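So the structure is just underneath, and the comments pick up after that.
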Amino acid sequence: MRIVYEREYPREAEIMMSCSQRSIEQGRRQGRQQGKLEGSREGEVMILLRQLKFGGVPEPVRRKIEQADPQTLPAWSERVLTAADIEQVIDD
3 MRIVYEREYP REAEIMMSCS QRSIEQGRRQ GRQQGKLEGS REGEVMILLR
53 QLKFGGVPEP VRRKIEQADP QTLPAWSERV LTAADIEQVI DD
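Just add 2 to wherever you are in the sequence shown, counting from 1, and you've got the numbering used here.
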């Protein structure tokens, strides 16, 4: 059916494909943006947890947290519970 449509209406088929591709790309961009927001929130939670346990968070540590990938942050969050100092939390 699609092949017949593409053969009979090539311009319309091309426009539809272009619209579909734009929609897919827009969805991907929105997904990436949402992922960044979630990662940012996780980083903020990490900073808060550290502040609660260890007091202030030094600027180098804050930068390391902000630059950490989203997969690292949950592990660091767990380490906050047992670490004696902030370095034990973020040391790889």
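Glycine included, every Cβ here is placed at the ideal spot set by N, Cα and C.
Quick caveat, the model's predicted, so the values are computed rather than measured.
Is it buried or exposed for residue i, if we count other Cβ within 10 angstroms and need 16 for buried?
i, result
"residue 3", "exposed"
"residue 29", "exposed"
"residue 58", "exposed"
"residue 52", "buried"
"residue 6", "exposed"
"residue 67", "buried"
"residue 48", "buried"
Can you name the start and end residues of the alpha helix (DSSP H) that residue i belongs to?
i, result
"residue 6", "4-10"
"residue 59", "Note, residue 59: premise wrong, no alpha helix (DSSP H); not H, not E."
"residue 85", "Counting along the chain, residue 85 falls outside any alpha helix (DSSP H), and DSSP gives it neither H nor E."
Assuming the contact rule is C-beta atoms closer than 8 Å, residue i and residue j should be a hit. Round their C-beta distance to whole Å, please.
i, j, result
"residue 45", "residue 83", "The pair is not a contact, with the Cβ atoms about 18 Å apart (cut-off 8 Å)."
Taking contact to mean at least 3 C-beta pairs separated by less than 8 Å, is the region 21-38 in contact with the region 53-64? no
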